[in-house]
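Below: the structure, in structure tokens.
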Amino acid sequence: MADANKIVRYFGKATGHVQGVGFRMYIQQHAQEIGVTGWVRNMEDGSVNMELQGPEDKVEQLMDIIEAGNYFIKVEAFQTEVRTVVDGEIGFKIKY
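Structure, rendered in structure tokens:
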């Protein structure tokens with residue numbers, strides 16, 4: 002079970018039908034609602050990369066939302082790696 006007091010950061014790479022479907026805004030909206038910071042960016046290979054930071058339980062909740070997608074978003078694979086927490090990070094940005 003995730004720890005609500007432990008702050009974590011993950012790099013994530015999503016592949017599938019994840020570009021041209023509002024995926025970055027979908028992630029940003031949910032991150033802001035849940036209270037997760039970080040960033041998301043489309044990559045030239047058609048994947049979407051991101052870093053997600055916050056309480057472990059909230060980050061796991063967001064990762065579940067990302068993997069679930071919606072009617073338009075179809076995540077076929079979602080790989081994650083642990084990263085070092087960024088002190089003082091605020092907000093969730095879409096990078097271009």
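Numbering (the numbering used here), first residue to last: 2 to 97.
Note that the Cβ used here is the ideal one computed from N, Cα and C, for glycine as well.
Between the C-alpha atoms of residue i and residue j, what's the straight-line distance to the nearest angstrom?
{"i": "Y11", "j": "F73", "result": "24 Å"}
{"i": "V9", "j": "A78", "result": "21 Å"}
{"i": "T81", "j": "K59", "result": "15 Å"}
{"i": "G17", "j": "E45", "result": "13 Å"}
Can you give me the start and stop residues for the beta strand (DSSP E) that residue i sits inside?
{"i": "F24", "result": "Where F24 is concerned, there is no enclosing beta strand (DSSP E), although the alpha helix (DSSP H) it sits in stretches over F24 to I35."}
{"i": "V9", "result": "I8 to H18"}
{"i": "T81", "result": "K75 to R84"}
{"i": "I91", "result": "Note, I91: premise wrong, no beta strand (DSSP E); not H, not E."}
Can residue i and residue j be called in contact, C-beta distance under 8 Å?
{"i": "V41", "j": "I95", "result": "yes"}
{"i": "A3", "j": "E61", "result": "yes"}
{"i": "N50", "j": "K14", "result": "yes"}
If you follow the alpha helix (DSSP H) that residue i is part of, which residue opens it and which one closes it?
{"i": "I67", "result": "E57 to A69"}
Where DSSP assigns a beta bridge to residue i, which residues make up the other side?
{"i": "M51", "result": "G13 and V41"}
Tell me which residues share the same chain as residue i and place their Cβ nearer than 7 Å to its Cβ, disregarding the 5 neighbours each side in the sequence.
{"i": "L63", "result": "H31, A32, I35, V37 and L53"}
Leaving aside the five residues before and after residue i along the sequence, list all residues of the same chain whose C-beta is less than 6 Å from its C-beta, in chain order.
{"i": "R25", "result": "V41 and I95"}
{"i": "K7", "result": "E57"}
{"i": "F93", "result": "Q29, A32, Q33, T38 and G39"}
{"i": "A5", "result": "P56 and D58"}
Identify, in the order they occur along the chain, each residue of the same chain with its Cβ nearer than 8 Å to the Cβ of residue i, setting aside the five sequence neighbours on each side.
{"i": "G23", "result": "F73 and I74"}
{"i": "V86", "result": "I8, V9, R10 and Q54"}
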